[in-house]
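Student:
There are 2 protein chains.
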Amino acid sequence: MNRERILLEHGGGGLLSHELVTEVFLPFFKNACLERLEDSAVVTLGDRKFCFTTDSYVIDPIFFPGGDIGSLAVHGTINDLSVCGGIPLMLSAGFILEEGFPMEDLKRITRSMAEAAKTAGVSIVTGDTKVVARGAADGLFINTSGIGRIEYPSPLSVESIQPGDAILVSGTIGDHGATVLCKRKELGLISEIRSDSAPLNGLVASILAASPNIHCMRDPTRGGLGAILAEIAGQSGLSLSIREAELPVREEVRGVCEILGFDPFFLANEGKVAIFCAAPDAERILDVLRNHEYGRDARIIGSVGERDGGGLILQTIIGGSRVVDLPLGELVPRIC
Amino acid sequence: MNRERILLEHGGGGLLSHELVTEVFLPFFKNACLERLEDSAVVTLGDRKFCFTTDSYVIDPIFFPGGDIGSLAVHGTINDLSVCGGIPLMLSAGFILEEGFPMEDLKRITRSMAEAAKTAGVSIVTGDTKVVARGAADGLFINTSGIGRIEYPSPLSVESIQPGDAILVSGTIGDHGATVLCKRKELGLISEIRSDSAPLNGLVASILAASPNIHCMRDPTRGGLGAILAEIAGQSGLSLSIREAELPVREEVRGVCEILGFDPFFLANEGKVAIFCAAPDAERILDVLRNHEYGRDARIIGSVGERDGGGLILQTIIGGSRVVDLPLGELVPRIC
Ligand SMILES: Nc1ncnc2c1ncn2[C@@H]1O[C@H](COP(=O)(O)OP(=O)(O)OP(=O)(O)O)[C@@H](O)[C@H]1O
Ligand SMILES: Nc1ncnc2c1ncn2[C@@H]1O[C@H](COP(=O)(O)OP(=O)(O)OP(=O)(O)O)[C@@H](O)[C@H]1O
Ligand SMILES: [Mg+2]
Ligand SMILES: [Mg+2]
Ligand SMILES: [Mg+2]
Ligand SMILES: [Mg+2]
Ligand SMILES: [Mg+2]
Ligand SMILES: [Mg+2]
Numbered sequence: 001m002n003r004e005r006i007l008l009e010h011g012g013g014g015l016l017s018h019e020l021v022t023e024v025f026l027p028f029f030k031n032a033c034l035e036r037l038e039d040s041a042v043v044t045l046g047d048r049k050f051c052f053t054t055d056s057y058v059i060d061p062i063f064f065p066g067g068d069i070g071s072l073a074v075h076g077t078i079n080d081l082s083v084c085g086g087i088p089l090m091l092s093a094g095f096i097l098e099e100g101f102p103m104e105d106l107k108r109i110t111r112s113m114a115e116a117a118k119t120a121g122v123s124i125v126t127g128d129t130k131v132v133a134r135g136a137a138d139g140l141f142i143n144t145s146g147i148g149r150i151e152y153p154s155p156l157s158v159e160s161i162q163p164g165d166a167i168l169v170s171g172t173i174g175d176h177g178a179t180v181l182c183k184r185k186e187l188g189l190i191s192e193i194r195s196d197s198a199p200l201n202g203l204v205a206s207i208l209a210a211s212p213n214i215h216c217m218r219d220p221t222r223g224g225l226g227a228i229l230a231e232i233a234g235q236s237g238l239s240l241s242i243r244e245a246e247l248p249v250r251e252e253v254r255g256v257c258e259i260l261g262f263d264p265f266f267l268a269n270e271g272k273v274a275i276f277c278a279a280p281d282a283e284r285i286l287d288v289l290r291n292h293e294y295g296r297d298a299r300i301i302g303s304v305g306e307r308d309g310g311g312l313i314l315q316t317i318i319g320g321s322r323v324v325d326l327p328l329g330e331l332v333p334r335i336c
Numbered sequence: 001m002n003r004e005r006i007l008l009e010h011g012g013g014g015l016l017s018h019e020l021v022t023e024v025f026l027p028f029f030k031n032a033c034l035e036r037l038e039d040s041a042v043v044t045l046g047d048r049k050f051c052f053t054t055d056s057y058v059i060d061p062i063f064f065p066g067g068d069i070g071s072l073a074v075h076g077t078i079n080d081l082s083v084c085g086g087i088p089l090m091l092s093a094g095f096i097l098e099e100g101f102p103m104e105d106l107k108r109i110t111r112s113m114a115e116a117a118k119t120a121g122v123s124i125v126t127g128d129t130k131v132v133a134r135g136a137a138d139g140l141f142i143n144t145s146g147i148g149r150i151e152y153p154s155p156l157s158v159e160s161i162q163p164g165d166a167i168l169v170s171g172t173i174g175d176h177g178a179t180v181l182c183k184r185k186e187l188g189l190i191s192e193i194r195s196d197s198a199p200l201n202g203l204v205a206s207i208l209a210a211s212p213n214i215h216c217m218r219d220p221t222r223g224g225l226g227a228i229l230a231e232i233a234g235q236s237g238l239s240l241s242i243r244e245a246e247l248p249v250r251e252e253v254r255g256v257c258e259i260l261g262f263d264p265f266f267l268a269n270e271g272k273v274a275i276f277c278a279a280p281d282a283e284r285i286l287d288v289l290r291n292h293e294y295g296r297d298a299r300i301i302g303s304v305g306e307r308d309g310g311g312l313i314l315q316t317i318i319g320g321s322r323v324v325d326l327p328l329g330e331l332v333p334r335i336c
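Going down the list, the sequences are from chains A and B. In case it helps, full-length UniProt numbering puts the first sequence at residues 1 to 336. In case it helps, full-length UniProt numbering puts the second sequence at residues 1 to 336.
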């Protein structure tokens, strides 16, 4: 990485994010746990397995249809624990506040965090509050870190994905990204659109209970479903084949994408999970997903091919196929 | 709290910080673990006791004599685990970067974090990187959260402090705060002054091994030793008596304070611990502290009086005594 300065794309969840992590952070921090680059670190504490994860939330605007930075900060970290098989237990909450930030907004966000945590059954057990002068931050940023308990017997990991596995997604894609875009561009016309921000621990628990053959899960946040699939293809050396026609996309989201020139495949989600499982279990998992409030629009979207170096192939609606690369970095900053 | 907007003092470690936590965050997040308001949450995972803590670091300048934001972010969180009796095991690292931040500085800070973690024997196992547009943050902010294992049999807590306990401090006070002040005011003249930023896990382990009668510890960061003692007096309902003549203060720090009009008692430390222990063990603990590189200037500075409502009483050098209140909020923002 010969770039001399940080670019917005270094935070976009695409190629530049990946390079920054693998070429700057990993060489210094090096340890086996971090190098797996999964959504959470899987660690042994005492004689049991737990997972531990962190995310900072810098979303702009802080209030949006379907949530706010507070609920997002709780859901996002719960989801990173959940997709690693962790039953979320507790969170930390670190606030960076800009001088002059309205107290009412802080209370509204704190209430929303508390409600989101309560709904998901986790406690916020430790916190921190720093204040910086006007102009040194934009409103507020929140970091949440979380700890979850792992009970699923087999390892959920990119390394567990096998040729022949089915690939599922738990619902419509791009809802969160499209909502933030709309709100930012003041596209008031598309009034139905809402973020999908939601805690996935309940949904994940129900599919883990339904099948012992789930191999890997990931929450497609920054960079969208496209970025996480391209990344998994690269990490695993497996080719992943996705049928574009099966990708669930809401009409309103499709509309926003057409107006603004975005692809829902690369837009952020905050309440979705991509699942890799043994093919014979796919229908059963799909049934369980569809019976859950956050999985009604779940689909089987593709399958894992050979271990041939890795690549993401999109079978397009018009019948062709095309290789999808990890995008450089979403050009929509501060989406989460 | 009738203030409508966040003030710098809400981040100063004094009265306004305390009010913000107890009147805004606690009422929403309420749970017994958080409400103890110790440096770390003490939690049971599996059948063992651990501690979990978080801090965001927003220090300005990011490089200072004796450290940088990276080493500080590792030391600070290690120290919050250590003073709760936790043997630090692992950290998370969440970066918020401003677009345009120099890559060389990021590498230097990352290297420094990695070295600090290695020295203290902890691993950075999970991370996150967000980028915001130019002007939306000031350079970079780092959050670290940490997990430690508790082995000390008796509970280290404000609640464990007893009338008659001795109060110790592990070394000179105000070094970190004075260094940041000097650097910010470009007081080049006082060239010897350095931050005390250091990992206290080794020092704490040695005193815990030396005495089963340590009751409470705290690292006097924002607000300094004065603020944490006033807070403990308030929380415990005990009167704390401190002999001003015993407070260890470096000549250079005293000099800076005189020039700039600050009191070292209220300046931040990043490598010090205040200790409450059974009086008969105080000398033994003092010996152990003094034999450790980070405890050479340790002192017994006072004692715990009656449970009479709580108050911090400073026995002044000139022979009087004065009640010290929790300061409103340090007027030196972004010290850590
Ligand atoms: N600064 C960093 N230092 C060390 N590891 C990092 C850093 N930033 C990210 N990582 C690691 O890179 C991987 C990907 O991180 P990323 O934040 O993209 O995942 P995520 O949290 O699932 O996504 P999002 O942040 O969009 O919710 C994780 O394994 C994470 O631990
Ligand atoms: N936003 C918050 N939400 C919940 N609890 C908080 C919040 N901010 C602080 N706390 C709690 O208040 C107590 C004091 O926090 P504080 O950050 O002052 O301690 P510290 O980390 O030891 O000091 P420093 O941040 O100066 O290193 C801790 O118990 C912490 O968990
Ligand atoms: Mg994730
Ligand atoms: Mg995440
Ligand atoms: Mg703190
Ligand atoms: Mg502390
Ligand atoms: Mg701290
Ligand atoms: Mg992340």
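Ideal Cβ positions, reconstructed from N, Cα and C, are used throughout, including at glycine. Everything numeric in this text was worked out from a predicted model, so none of it was measured.
(1) Tell me, please, whether the CB atom of I87(A) is closer than 8 Å to any CB atom in chain B?
(2) Rank D128(A), G234(A), P163(A) by C-alpha distance to the C-alpha of L34(B) and give the top, closest one.
(3) So what's L181(A) in DSSP terms, helix, strand or just coil?
(4) Hey, quick one: how far does the beta strand (DSSP E) through L312(B) stretch, first residue to last?
(5) I'd like the list of long-range same chain contacts for A117(B), defined as Cβ closer than 6 Å, with 5 residues on each side in sequence excluded.
(6) Between R184(A) and chain B, is there a C-beta pair that is closer than 8 Å?
(7) Could you run through the stretch 129-150 of chain B and flag, in chain order, every residue whose CB is less than 8 Å away from some CB of chain A?
(8) Could you list which residues in chain E have their beta carbon closer than 7 Å to that of A41(B), in chain order?
(9) How big is the Cα-Cα spacing for I167(B) and G302(B)?
(10) Taking 8 Å as the threshold (beta carbon to beta carbon), is E99(B) in contact with chain A?
(11) Does the CB of C84(A) have a neighbour CB from chain B at under 8 Å?
(12) Could you tell me the distance, in whole angstroms, from the CA atom of L181(B) to the CA atom of A298(B)?
(13) With DSSP as the reference, label V24(B) as helix, strand or coil.
(14) Residues of chain A with a CB under 8 Å from the CB of R48(B): which are they?
(15) Note the first and the last residue of the continuous alpha helix (DSSP H) segment covering G202(B).
(16) Counting beta carbon pairs with one atom in the stretch 203-219 of chain B and one in the stretch 276-292 of chain B, are three or more of them shorter than 8 Å?
(17) Please list, in chain order, the residues of the UniProt domain "PurM-like C-terminal" (162-313) of chain B that have any C-beta partner in chain A closer than 8 Å.
(18) How would you label T172(A), buried or exposed, when you count the other beta carbons within 10 angstroms and need 16 or more for buried?
(19) Return the first residue and the last residue of the beta strand (DSSP E) that A166(B) is part of.
(20) Ignoring anything shorter than 4 residues or poking outside the stretch 50-96 of chain A, list the alpha helix (DSSP H) runs there in chain order.
(21) Just the C-alpha distance for L81(A) and S17(A), rounded to the nearest angstrom, thanks.
(22) Cβ atoms of S170(B) and V288(B): under 8 Å apart, would you say?
(23) When the cut-off is 8 Å and only beta carbons count, does A114(A) lie next to chain B?
(24) Ignore the nearest five residues each way along the sequence and tell me which others in S321(B)'s own chain have a CB closer than 7 Å to its CB.
(25) One question on the structure: do R222(B) and I335(B) come within less than 8 Å of each other, judged by their Cβ atoms?
(26) Tell me the rounded alpha-carbon separation between M263(B) and N31(A).
(27) Using beta carbons (cut-off 8 Å, strictly below), is R322(B) in contact with chain A?
(28) Of all Cβ atoms in chain A, is any one closer than 8 Å to the Cβ of P333(B)?
(29) Whose CA, out of A93(A), I142(A), N79(A), lies closest to the CA of S197(A)?
(30) Could you please go through the chain and list the residues whose beta-carbon is closer than 5 Å to any non-hydrogen atom of ligand 5?
(31) Could you name each continuous alpha helix (DSSP H) segment of 4 residues or more that falls completely within the stretch 93-137 of chain A, going from the start of the chain to the end?
(32) Since A114(B) and F28(A) should fall inside the 8 Å C-beta cutoff, what is the C-beta to C-beta distance between them, to a whole number of angstroms?
(33) Beta carbon of R254(B): closer than 7 Å to some heavy atom of ligand 6?
(34) Does DSSP put S160(A) in a helix, a strand or coil?
(35) What separation, rounded to the nearest whole angstrom, lies between the Cα atoms of I275(A) and M217(A)?
(36) Name the residue from I87(B), V158(B), N269(B) whose alpha carbon lies nearest to the alpha carbon of L203(B).
Tutor: Quick look at the numbers:
(1) The residue given as residue 87(A) occupies position 87 in the first sequence. Output row for I87(A): interface = no.
(2) The residue given as residue 34(B) occupies position 34 in the second sequence. The option with the nearest alpha carbon to L34(B) is D128(A).
(3) Against the first sequence, residue 181(A) aligns to sequence position 181. Of the three classes helix, strand and coil, the one that applies to L181(A) here is helix, per DSSP.
(4) The residue you call residue 312(B) lines up with position 312 of the second sequence. Taken as a continuous stretch (DSSP letters only), the beta strand (DSSP E) holding L312(B) covers 311-315.
(5) On the second sequence, residue 117(B) is found 117 positions in, with the first residue counted as 1. Here the set comprises V74, I124.
(6) Here residue 184(A) refers to the residue found at position 184 of the first sequence. Interface flag for R184(A) against chain B is unset, since no Cβ pair is found closer than 8 Å.
(7) Of all residues in the stretch 129-150 of chain B, T129, K130, V131, V132, A133, G135, A136, A137, D138, F141, N143, S145, I147, R149 have a Cβ within less than 8 Å of some Cβ in chain A.
(8) Within the model displayed, chain E is absent; protein chains A and B are what it includes.
(9) Walking along the second sequence from the start, residue 167(B) turns up at place 167. Walking along the second sequence from the start, residue 302(B) turns up at place 302. Going from the Cα of I167(B) to the Cα of G302(B) covers about 5 Å.
(10) Residue mapping note: residue 99(B) aligns to position 99 of the second sequence, counting from 1. The beta carbon of E99(B) falls within 8 Å of a beta carbon belonging to chain A, placing the residue at that interface.
(11) Numbered from 1 along the first sequence, position 84 holds the residue referred to as residue 84(A). Chain B contact via Cβ: absent.
(12) Counting from 1 along the second sequence, the entry for residue 181(B) is found at position 181. Counting from 1 along the second sequence, the entry for residue 298(B) is found at position 298. Near 24 Å, if we compare the C-alpha coordinates of A298(B) and L181(B).
(13) On the second sequence, position 24 is the one that residue 24(B) refers to. Looking at V24(B) - three-state DSSP - the assignment turns out to be helix.
(14) Counting from 1 along the second sequence, the entry for residue 48(B) is found at position 48. For R48(B), the chain A residues whose C-beta falls within less than 8 Å of its own C-beta are L45, G46, listed in chain order.
(15) Counted from its first residue, the second sequence places residue 202(B) at position 202. In this chain, the alpha helix (DSSP H) harbouring G202(B) covers 201-210.
(16) Touching, yes, given that three or more Cβ pairs across the two stretches are closer than 8 Å.
(17) Within the UniProt domain "PurM-like C-terminal" (162-313) of chain B, no residue has a Cβ that lies closer than 8 Å to any Cβ of chain A.
(18) The sequence position of residue 172(A) within the first sequence is 172, counting from 1. Looking at its Cβ environment, which holds 16 or more other Cβ atoms inside 10 Å, T172(A) is buried.
(19) Here residue 166(B) refers to the residue found at position 166 of the second sequence. Unbroken beta strand (DSSP E) run through A166(B): 166-169.
(20) Fully enclosed alpha helix (DSSP H) runs of 4 or longer: 69-82.
(21) Numbered from its first residue, the first sequence carries residue 81(A) at position 81. Numbered from its first residue, the first sequence carries residue 17(A) at position 17. Between L81(A) and S17(A), the C-alpha separation is close to 21 Å.
(22) By 1-based counting over the second sequence, the position of residue 288(B) is 288. By 1-based counting over the second sequence, the position of residue 170(B) is 170. No, Cβ-Cβ distance for V288(B) and S170(B) is not below 8 Å.
(23) Taking the first sequence and counting its residues from 1, one reaches residue 114(A) at position 114. Yes, because at least one Cβ of chain B sits closer than 8 Å to the Cβ of A114(A).
(24) The count along the second sequence starts at 1 and reaches residue 321(B) at position 321. I313, L314, Q315.
(25) Taking the first residue of the second sequence as position 1, residue 222(B) is located at position 222. Taking the first residue of the second sequence as position 1, residue 335(B) is located at position 335. Result yes, Cβ atoms of R222(B) and I335(B) sit closer than 8 Å.
(26) Within the second sequence, residue 263(B) is the residue found at index 263, counting from 1. Within the first sequence, residue 31(A) is the residue found at index 31, counting from 1. Going by the sequence as given, residue 263(B) is Asp instead of Met. In this structure, the CA atom of D263(B) is about 43 Å from the CA atom of N31(A).
(27) The residue you call residue 322(B) lines up with position 322 of the second sequence. Closer than 8 Å: no.
(28) Looking up residue 333(B) in the second sequence gives position 333. Closer than 8 Å to some Cβ of chain A, the Cβ of P333(B) qualifies, so yes.
(29) Numbered from 1 along the first sequence, position 197 holds the residue referred to as residue 197(A). Measuring from the Cα of S197(A), the nearest candidate turns out to be N79(A).
(30) In chain order, the hits are D128(A), D55(B).
(31) DSSP runs (the alpha helix (DSSP H)) wholly in the stretch 93-137 of chain A: 103-120.
(32) Taking the first residue of the second sequence as 1, we reach residue 114(B) at position 114. Taking the first residue of the first sequence as 1, we reach residue 28(A) at position 28. A114(B) to F28(A), Cβ: 4 Å. Contact.
(33) Residue mapping note: residue 254(B) aligns to position 254 of the second sequence, counting from 1. Incorrect: R254(B) has no Cβ contact closer than 7 Å to ligand 6.
(34) Stepping through the first sequence from its first residue, residue 160(A) is reached at position 160. Note: S160(A) maps to helix in three-state DSSP.
(35) Mapped onto the first sequence, residue 275(A) falls at position 275. Mapped onto the first sequence, residue 217(A) falls at position 217. Using only the alpha carbons, I get a separation of about 5 Å.
(36) Along the second sequence, one-based indexing puts residue 203(B) at 203. The shortest C-alpha separation from L203(B) is found at I87(B).
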